[in-house]
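Participant: So the sequence shown is numbered by this note's numbering: it starts at 180 and just counts up by one. Backbone N, C-alpha and C fix where the C-beta goes; we use that ideal spot for every residue, glycine too. In this text, all values refer to a predicted model and were calculated from it rather than measured experimentally.
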Amino acid sequence: MTTSNASKSHVARGILLTAIGACCWGFSGTCAQLLTNEYGIPVSWLITVRMCAGALLFLAVCLGKNWRSFRAALRDTRSLVHIMIFGLFGVLLTQFSYITCISYTNAGTGTVLERLGLVIILFYICMTVRRLPRLREAVGVALALAGVFLIATHGNIGTLAIPPQGLFWGLMTAVAMACYTLMPVKPLAKWGSFIVTGIAMSTAAVSSAVLLQPWKLDVTVTLEVVLIVAVMVVIGTFAAYLFYLQGVNDAGSMRAGLVGCLEPVSAIVISAVWLHTPIGIFDIVGAALILTMVVLTTQKEEPREHDRFSGSLRDVPLFQGSASRLGYYEARRATSEDFNAFSAVLETGHEMMAELGISEQGDKKYPSERRVMRAIDRGNAYVVTMDAEAAKADAGAGDASVIDAVAVDTQGRRVIGVFSLDMGGDAAYARSEGAVWTDFSDMRPEGGSEYAALHWVTVVPEARRSGVGMFILGEAERMAKEAGKACVRADAYEENSPIRRLFERYGFHSCGSIVLKNSLGRKRRRAAYELIL
C-alpha cells in the first residue's frame with residue numbers, strides 16, 4: 180500500500196471510529212439522563228464511578244494485551260507527563276466543566292457552548308501550520324454549530340440567556356473539548372489509544388475521587404443501577420473514549436472534532452427509541468445539518484505536505500501506536516551468520532557519533548571486528564529483530580534504500596538493534612579510576628562477577644524514538660536478574676547525550692566519570708552508570 184493510499188484509508192477509518200465513539204457518547208448521555216432523572220443518582224457520584232470503572236477496564240486490557248508497551252510508556256517520562264496533563268485538562272475537565280455548566284444553565288446551553296471548542300481547534304491548527312481555514316473546514320464548523328444549536332435550543336435563542344457563572348463554565352467546557360481533541364496527538368501516535376486512555380483515565384479517576392469524594396454521598400444502589408452503570412462504562416466510557424481517540428489519531432484533530440458533533444444526533448435517536456423522548460422539527464433539521472457536515476468532512480482531498488493533522492501514515496495495529504512494535508521485537512543471541520548485520524548496525528552508531536561530534540579514538544573504531552566475533556562466540560552479543568515487512572511499513576515515507584541496506588536474518592526478520600551483555604562483568608572496570616560503584620562484593624560468586632556489563636547499545640536510525648532502546652534495557656535487566664546479578668553496569672561517552680538520557684529515563688543512576696585503561700595502559704574517559712536490580 181502506498182503512503183497516499185495508507186493515509187486515505189486511515190482517514191476513512193478514523194472518521195468511522197470517531198462517529199462510533201460519538202454515538203457511544205450519545206448512548207452514555209442517555210444512560211446518565213436515566214440514572215439522574217429516574218433513579219436520583221448524584222452527578223458527582225456517577226462521574227467518579229464511571230471514571231474509576233473505566234480506568235480499571237482500560238488498565239486490565241493494557242496489562243493483559245500490551246504490558247510491555249505499557250511498562251515502557253510509564254518509563255517514558257515526557258509522554259507520561261503529557262498523558263497525565265491530558266487526563267486532568269482533557270478528560271476530567273471536560274466532564275467537570277460540562278456538568279457544572281449545566282448546573283447553572285441547562286443541557287442544551289451546555290452542549291452549544293461545548294461545541295464552540297471547534298472554533299478553538301480550527302484556530303489552533305491554522306496558527307500551527309500557518310494557513311487560513313479551508314472553505315470546507317469553515318463551512319463544516321458553521322454547519323456543526325448551527326446543527327448543535329438547533330438540537331440543543333429548538334431555535335429558542337432565549338434559552339441562551341445565562342448567568343455569568345454558566346457562561347464561564349460553558350467557555351471552560353469549550354476549552355476542555357479542544358484540549359481533549361488536541362492534547363493527545365503526539366502520545367497517541369507513539370503509544371496508541373489503549374495506553375493513552377488508560378493512563379489518562381486513571382489520572383482523571385484518582386483526581387475526581389479526591390475532589391468529589393463520592394463516598395460522602397447518600398446513594399441508593401439497586402441491581403438496575405448497577406446494570407445501567409456497567410453498560411454505561413463498557414459502551415459509553417471504554418468504547419467511546421477508545422474509538423474517539425483512535426479517530427483523532429487516524430483522521431486528525433479537525434475532522435474528529437467535527438464528526439464528534441454526531442453525539443447529540445445519536446443522543447436524540449437513542450433517547451427517542453429507548454426512553455420514548457419526542458423528536459421535533461428542530462431536532463430533525465439540526466441532525467440534517469450535522470450529517471451534511473459529516474458528508475462534507477469525509478470528502479477525500481489530496482494530503483498536503485505541510486498539514487501535520489491530516490492523519491497517521493504509519494501502518495500500526497489498530498488502537499496502538501508506533502511504540503506498539505515493542506510487542507513485535509525479539510532479542511536473541513547473535514550467531515556467526517549475524518556478523519554482517521551486527522556490524523552494519525554498529526556502523527550506524529559510528530555515524531551518529533560523528534554527527535554528535537564525538538571522536539572515536541582516531542581511525543580505530545570500537546568495537547573491532549575481532550572483538551565482535553569474540554562476543555558472538557562467547558554468547559555475549561545480542562540482536563534485536565522485527566518482521567522485515569512491518570519494519571518497512573513502520574518507517575513510513577523514509578528512505579527505502581536505508582531500510583533495505585540493513586540485513587535480514589535467516590528467519591526473515593530484520594535486525595534493528597544490537598547490544599552486548601557480559602555476565603562476567605568487564606575487566607576494564609576493575610582497572611578503572613573515578614567511578615563510584617555500589618559495593619556488591621559480598622554477592623560475588625567464586626570466579627565470577629556480581630554484575631552484568633552492558634555495552635554497544637545501538638539502534639538503526641529509522642527505528643529510533645520508537646521504544647527500541649527501552650526494550651533493549653528491559654531485556655538486559657531481565658537477563659541479568661535471571662542470572663542472579665546484583666546490578667547492570669554500563670558506560671558512555673560523556674558527549675553522547677542520547678544514550679545518557681536513555682539510561683537515566685530507564686532508571687540507571689550516574690556513578691560519576693570513569694577513566695578506563697586498556698591492556699596497553701591507554702586511558703579514555705566515560706560517564707559511568709549502574710542499574711541496581
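Would you grab the beta carbon distance between Ser223 and Ala419 for me? Rounded to a whole angstrom, and I think it's under 8 Å.
Facilitator: Going by Cβ atoms, the distance from Ser223 to Ala419 rounds to 20 Å, so no, they are not a contact pair.
Participant: Tell me whether Tyr561 sits in a helix, a strand or coil according to DSSP, three-state version.
Facilitator: It is a strand residue.
Participant: Give the DSSP-derived three-state secondary structure of Glu612 in the structure shown.
Facilitator: Here Glu612 sits in strand by DSSP.
Participant: Following the continuous beta strand (DSSP E) through Gly596, name the residue where it begins and the one where it ends.
Facilitator: Element bounds for Gly596: Arg592 to Asp601.
Participant: Cβ of Ala251 within 7 Å of Cβ of Met658?
Facilitator: Not a contact, by the Cβ cut-off of 7 Å.
Participant: Find out if the Cβ-Cβ distance for the pair Met230, Ala384 is shorter than 7 Å.
Facilitator: Yes, Cβ-Cβ distance for Met230 and Ala384 is below 7 Å.
Participant: Between which two residues does the alpha helix (DSSP H) harbouring Ile407 extend?
Facilitator: Run containing Ile407: Leu402 to Val410, per the alpha helix (DSSP H) assignment.
Participant: Thinking just about the alpha-carbon of each residue, which of His529, Ser522, Gly536 and Glu539 is nearest to the one in Glu548?
Facilitator: Cα-wise, what sits closest to Glu548 is Ser522.
Participant: CB Ser276 to CB Leu361, shorter than 7 Å?
Facilitator: No, they are not a contact pair.
Participant: For the stretch 238-280, list the alpha helix (DSSP H) runs that are entirely contained and at least 4 residues long, ordered along the chain.
Facilitator: Runs found: 246-254 and 256-265.
Participant: Per DSSP, Ile711 forms a beta bridge with which residues?
Facilitator: Note: Ile711 sits in a beta bridge opposite Cys666.
Participant: In whole angstroms, give me the CA-to-CA distance for Tyr561 and Arg550.
Facilitator: Roughly 14 Å separates the two Cα atoms.
Participant: When the Cα atoms are used, what is the spatial distance from Thr352 to Leu295?
Facilitator: Cα to Cα, Thr352 sits roughly 9 Å from Leu295.
Participant: Reducing DSSP to helix, strand and coil, say where His333 ends up.
Facilitator: DSSP places His333 in coil when its eight states are reduced to three.
Participant: Do the stretch 231-244 and the stretch 627-638 meet, that is, are 3 or more Cβ pairs less than 8 Å apart?
Facilitator: Cβ pair count under 8 Å is below three, so no.
Participant: Quick check on this structure: which residue in Arg310, Val327 and His634 has the alpha carbon closest to the alpha carbon of Gly439?
Facilitator: For Gly439, the nearest C-alpha among the options comes from Val327.
Participant: Starting from Thr637 and walking both ways along the beta strand (DSSP E), at which residues does that stretch end?
Facilitator: Note, Thr637: beta strand (DSSP E), Tyr630 to Val638.
Participant: With H, G and I counted as helix, E and B as strand and the rest as coil, what does DSSP make of Arg657?
Facilitator: DSSP places Arg657 in helix when its eight states are reduced to three.
Participant: Rounded to the nearest angstrom, how far is the Cβ of Leu225 from that of Leu214, given a contact under 8 Å?
Facilitator: About 6 Å; that satisfies the 8 Å criterion.
Participant: Within this structure, are the beta carbons of Leu329 and Gly459 separated by less than 7 Å?
Facilitator: Contact: no.
Participant: Distance, Cα to Cα, Phe518 vs Val375?
Facilitator: Rounded to the nearest angstrom, the two C-alpha atoms are 39 Å apart.
Participant: To the nearest angstrom, how far is it from the Cα of Phe422 to the Cα of Gly266?
Facilitator: When rounded, the distance between both Cα atoms is 17 Å.
Participant: Going by other Cβ atoms of all chains shown within 10 Å of its Cβ, with 16 needed for buried, is Glu484 buried or exposed?
Facilitator: Summary for Glu484: the model assigns pLDDT 38, below 50, so the residue's position carries little reliability, and this model does not support an answer.
Participant: According to DSSP, is Ser445 helix, strand or coil?
Facilitator: Helix.
Participant: Check this for me: beta carbons of Ala510 and Ile194, under 7 Å apart or not?
Facilitator: Their beta carbons are not under 7 Å apart, which means Ala510 does not touch Ile194 by this criterion.
Participant: From Val405, Leu652, Asn675 and Cys305, pick the residue whose C-alpha is nearest to that of Cys666; which is it?
Facilitator: Considering only alpha carbons, the answer is Leu652.
Participant: So Leu633 and Lys664 are in contact, right, with Cβ under 8 Å, and what is the actual spacing, rounded?
Facilitator: The Cβ separation is near 11 Å, so there is no contact.
Participant: Tell whether a beta-carbon distance below 7 Å holds between Cys358 and Gly269.
Facilitator: In contact: Cys358 and Gly269 (Cβ atoms closer than 7 Å).
Participant: Alpha carbon to alpha carbon, how far is Gly299 from Val354?
Facilitator: Residue identity check: residue 299 is Ile in the sequence provided, not Gly. Taking the straight line joining both Cα atoms gives about 7 Å.
Participant: Skipping 5 residues on each side, what residues in its chain have a beta carbon closer than 6 Å to that of Gly124?
Facilitator: The chain is shown from 180 up to 712; residue 124 falls before or after that span and cannot be answered.
Participant: State the Cα-Cα distance for the pair Tyr303 and Arg313, rounded to the nearest angstrom.
Facilitator: Between Tyr303 and Arg313, the C-alpha separation is close to 14 Å.
Participant: Work out the CA separation of Ile264 and Ser386 for me, nearest whole Å.
Facilitator: Cα to Cα, Ser386 sits roughly 11 Å from Ile264.
Participant: Apart from the five residues on each side of it in sequence, which residues of its chain come closer than 6 Å, Cβ to Cβ, to Phe682?
Facilitator: Taken in chain order, the residues that qualify are Tyr708.
Participant: Would Val410 pass as a contact of Val524 if the rule is Cβ separation under 7 Å?
Facilitator: For Val410 and Val524, no; Cβs fall outside 7 Å.
Participant: Using three-state DSSP, classify Lys544 as helix, strand or coil.
Facilitator: Correct three-state label for Lys544: coil.
Participant: What whole-angstrom Cβ distance do Arg684 and Ser692 have, given they're in contact under 8 Å?
Facilitator: Incorrect: roughly 20 Å between the Cβ atoms, too far for contact.
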